[in-house]
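S.K.:
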Amino acid sequence: MFFNKKKREDKKRLAAEIRQSKDKATGLAQEFEAKRQELAQNQGPLSKELKGTQSTPTGLLAGLKKGLAKTRSIFSGSILALASGELVDNEFLEELEERLLSADLGVATSLKVIDHLKGQLKLGQIKTQAEAITSLKALVAGILDLGDPHLPLAQSGPTVYLFVGVNGVGKTTSIGKLAAQLKGQGKKVLVAAGDTFRAAAIEQLAHWCEKVGVDCLAKPQNSDPSAVLYEAAQKAQNEGYDVLLCDTSGRLHNKKNLMDELAKMERSLQKVLPEAPHAALLVLDANTGQNAIMQAKEFREVVALTGLVVTKLDGTAKGGVIIGIVNEFELPVYFIGVGERVEDLQPFVPHLFAESLLS
Ligand SMILES: Nc1nc2c(ncn2[C@@H]2O[C@H](COP(=O)(O)OP(=O)(O)OP(=O)(O)O)[C@@H](O)[C@H]2O)c(=O)[nH]1
Ligand SMILES: [Mg+2]
């Protein structure tokens, strides 16, 4: 009971803050309509780099629907089920807000959706609950689509991607899967074992590299991770690698350590390749729901994040958290993990994700 009361108070407070902001419903309606039109015209280009090895969008959609089964059932059973011919009223909006919160969109994003619908209601753009749900679908698709889904590439020389995130989120596994996909496209891939904290972490990465058939640069446990990355960058440059994927540890004791360590790693890479890393990717486990939002906040203070990889969407009903994360941080999601197989690391195609979740 106390939790509910507190949740309501928090919601009210945030609602007031949000209402005071310039993010007014009419502005949102215009922004959203522009996005909707853009989406309608745009068939959602796959990442240029990954296009070659991906299945067709139809195959991707089927895979996504399967991978997102638990989250989908929350959306279809709870939110989409509200699409009736009855008129939208306050009770409906409150109910919808509750359901968006239970679907892990987070407070700020749920309120943004509700405020948007209220704005549309005022302007007479929606009347029925079914129209509200249609509008919600387009709004979610618009939130998810931040535009260019291509991962940054080096102008010349090796492209370097640094993977960060707390322990167990799926950094090493995602690197292994991505290495396999890049190799499948004919790229020369090097992987750096920048997580020297545990011997098992080095072994796990080395095992992935062996399985996938890419090179791995590793040093013994407790070696300086920055030295590993420095050597890897030199090797990548001298031996003509196309891509260098850098694993890091998620187990540092506190924020200061993490900050120092990651800054040092970046400096080491830059001594060899001044533009590196070309992307710093935060890996988040979708199972953690709202905690993923906290992690994104914390890491953003430490690293200049380029984008996100959201893993383990196959095992959770909390996939709605992606909508909240993208809305709050405006960071693109580049990949999603929907299973254990190599092909289960998929490029994130906003309109397909929205379609698979909301249809
Ligand atoms: N079902 C499923 N499991 C995944 C996915 N991605 C990663 N995993 C599993 O999650 C577990 C942890 O993955 P790791 O790649 O070791 O995570 P990490 O971030 O490198 O962890 P640390 O090295 O401990 O910091 C492993 O058992 C992976 O197989 C996914 O998309 N779906
Ligand atoms: Mg790891």
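So the sequence shown is residues 13 to 371, counted in this note's numbering.
No residue lacks a Cβ here, since even glycine has one placed at the ideal position from N, Cα and C.
Computed from a predicted model, the values in this text were never measured in an experiment.
(1) Answer yes or no: the CB of Q216 versus the heavy atoms of ligand 2, is any distance below 7 Å?
(2) Ligand 2 and A213: does any heavy atom of the ligand fall closer than 7 Å to the residue's C-beta?
(3) With a floor of 3 residues, list each beta strand (DSSP E) that falls wholly inside the region 214–275, ordered by position along the chain.
(4) To the nearest angstrom, how far is it from the Cα of L399 to the Cα of G159?
(5) May I have the straight-line CA-CA distance separating P57 from N234, to the nearest angstrom?
(6) Give every residue of the same chain whose Cβ lies closer than 7 Å to the Cβ of P286, excluding the five residues on either side of it in the sequence, and list them in chain order.
(7) Tell me G188's beta-bridge partners as DSSP assigns them.
(8) Going straight from the alpha carbon of V314 to that of K139, what length do you get?
(9) Expressed to the nearest angstrom, what Euclidean distance is found between the alpha-carbon atoms of L117 and V333?
(10) Contact check, L343 vs L317 under 8 Å by CB: the rounded distance?
(11) Can you give the beta carbon distance from K183 to G262, rounded, assuming they're within the 8 Å contact cut?
(12) What's the gap between the Cα of L370 and the Cα of R84?
(13) Roughly how many angstroms lie between the CA atoms of A308 and N179, to the nearest whole one?
(14) Below 8 Å CB to CB, which residues in the same chain sit around V354 once its five sequence neighbours on both sides are set aside?
(15) Less than 8 Å between the beta carbons of E273 and P232, yes or no?
(16) To which residues of the same chain is K107 closer than 8 Å at the C-beta, ignoring the five residues directly before and after it?
(17) For A288 versus L294, is the C-beta distance shorter than 8 Å?
(18) Is the beta carbon of K183 within less than 7 Å of some heavy atom of ligand 2?
(19) Please report the straight-line C-alpha distance between Q197 and A144, rounded to a whole angstrom.
(20) Can you tell me where the beta strand (DSSP E) holding A291 begins and where it ends?
(21) Across the region 166–179 and the region 214–222, are there enough close Cβ pairs to call them in contact, namely three or more that are closer than 8 Å?
(22) Roughly how many whole angstroms lie between the Cα atoms of A120 and I126?
(23) For M277, which residues in the same chain have their Cβ closer than 8 Å to its Cβ, ignoring the five residues on either side in sequence?
(24) Compute the minimum distance between the beta carbon of D127 and the heavy atoms of ligand 2, and state whether it is under 7 Å.
(25) Residue range of the beta strand (DSSP E) that A205 falls in?
(26) Just to check my reading of the structure: A329 and K82 have Cβ atoms closer than 8 Å, yes? What is that Cβ distance to the nearest angstrom?
(27) Please report the residue range of the beta strand (DSSP E) in which F347 lies.
(28) Is E109 a contact residue of ligand 1, with contact defined as CB to any heavy atom under 7 Å?
(29) Evaluate L229 with the Cβ neighbour count: other Cβ atoms within 10 Å of its Cβ, from every protein chain shown; 16 or more gives buried, anything less gives exposed.
M.R.: Reading it off the structure:
(1) Sequence index remark: in the sequence shown, residue 216 carries index 204 (1-based). For ligand 2, at least one heavy atom lies less than 7 Å from the Cβ of Q216.
(2) Residue numbering aside, residue 213 sits at position 201 when the sequence shown is read from its first letter. A213 Cβ: within cutoff of ligand 2.
(3) 227–229 and 255–260
(4) Here the chain comprises residues numbered 13 to 371, so residue 399 is not present and cannot be evaluated.
(5) In the sequence shown, the residue the question calls residue 57 occupies position 45. In the sequence shown, the residue the question calls residue 234 occupies position 222. The predicted model places P57 with a pLDDT of 29, which falls under 50 and marks its position as unreliable; any figure quoted below should be read in that light. So the alpha carbons of these two residues sit roughly 42 Å apart.
(6) Against the sequence shown, residue 286 aligns to sequence position 274. Counting only Cβ-Cβ distances below 7 Å, and skipping sequence neighbours, we find nothing.
(7) Mapped onto the sequence shown, residue 188 falls at position 176. According to DSSP, which records beta bridges pairwise, G188 is partnered with nothing at all.
(8) For the purposes of this step, residue 314 is identified with residue 302 of the sequence shown, where counting begins at 1. For the purposes of this step, residue 139 is identified with residue 127 of the sequence shown, where counting begins at 1. Whole-angstrom Cα-Cα distance: 45 Å.
(9) Residue mapping note: residue 117 aligns to position 105 of the sequence shown, counting from 1. Residue mapping note: residue 333 aligns to position 321 of the sequence shown, counting from 1. Rounded to the nearest angstrom, the two C-alpha atoms are 5 Å apart.
(10) Mapped onto the sequence shown, residue 343 falls at position 331. Mapped onto the sequence shown, residue 317 falls at position 305. Between L317 and L343 the Cβ distance is about 6 Å, and since that is below 8 Å, they are a contact.
(11) Against the sequence shown, residue 183 aligns to sequence position 171. Against the sequence shown, residue 262 aligns to sequence position 250. About 7 Å; that satisfies the 8 Å criterion.
(12) The sequence position of residue 370 within the sequence shown is 358, counting from 1. The sequence position of residue 84 within the sequence shown is 72, counting from 1. If you take the alpha carbons of L370 and R84, they lie about 7 Å apart.
(13) Indexing the sequence shown from 1 puts residue 308 at position 296. Indexing the sequence shown from 1 puts residue 179 at position 167. C-alpha separation (whole angstroms): 14 Å.
(14) As a position in the sequence shown, residue 354 is number 342, starting the count at 1. Here the set comprises G188, K189, A192, Q193 and V224.
(15) For the purposes of this step, residue 273 is identified with residue 261 of the sequence shown, where counting begins at 1. For the purposes of this step, residue 232 is identified with residue 220 of the sequence shown, where counting begins at 1. No; because the gap between Cβ atoms is not below 8 Å, this pair is not in contact.
(16) Indexing the sequence shown from 1 puts residue 107 at position 95. Residue 107 is actually Glu in this sequence, not Lys. Result list for E107: L94, in chain order.
(17) The residue given as residue 288 occupies position 276 in the sequence shown. The residue given as residue 294 occupies position 282 in the sequence shown. Against a cut-off of 8 Å, the Cβ pair of L294 and A288 comes out as no contact.
(18) Position 171 of the sequence shown, counted from the first residue, corresponds to residue 183. Yes; taking the cut-off as 7 Å, the Cβ of K183 has a heavy atom of ligand 2 nearer than that.
(19) Along the sequence shown, one-based indexing puts residue 197 at 185. Along the sequence shown, one-based indexing puts residue 144 at 132. Straight-line Cα distance between these residues: approximately 43 Å.
(20) Residue numbering aside, residue 291 sits at position 279 when the sequence shown is read from its first letter. Here the beta strand (DSSP E) through A291 covers A291 to D297.
(21) no
(22) Residue numbering aside, residue 120 sits at position 108 when the sequence shown is read from its first letter. Residue numbering aside, residue 126 sits at position 114 when the sequence shown is read from its first letter. Using only the alpha carbons, I get a separation of about 10 Å.
(23) Numbered from 1 along the sequence shown, position 265 holds the residue referred to as residue 277. Excluding positions up to five away in sequence, the list reads L174, G206, P237, S238, L241, C258 and T260.
(24) In the sequence shown, counting from the first residue as 1, residue 127 sits at position 115. Not under cutoff, so the answer is no.
(25) The residue you call residue 205 lines up with position 193 of the sequence shown. Here the beta strand (DSSP E) through A205 covers V201 to G206.
(26) Translated into the one-based positions of the sequence shown, residue 329 becomes position 317. Translated into the one-based positions of the sequence shown, residue 82 becomes position 70. Confirmed, Cβ separation roughly 4 Å.
(27) By one-based count along the sequence shown, residue 347 stands at place 335. It spans V345 to G349 - the beta strand (DSSP E) in which F347 sits, taken as one unbroken run.
(28) Within the sequence shown, the letter at position 97 stands for residue 109. No; taking the cut-off as 7 Å, the Cβ of E109 has no heavy atom of ligand 1 nearer than that.
(29) As a first step, residue 229 is located in the sequence shown; it is residue number 217 there, counting from the start. Buried.
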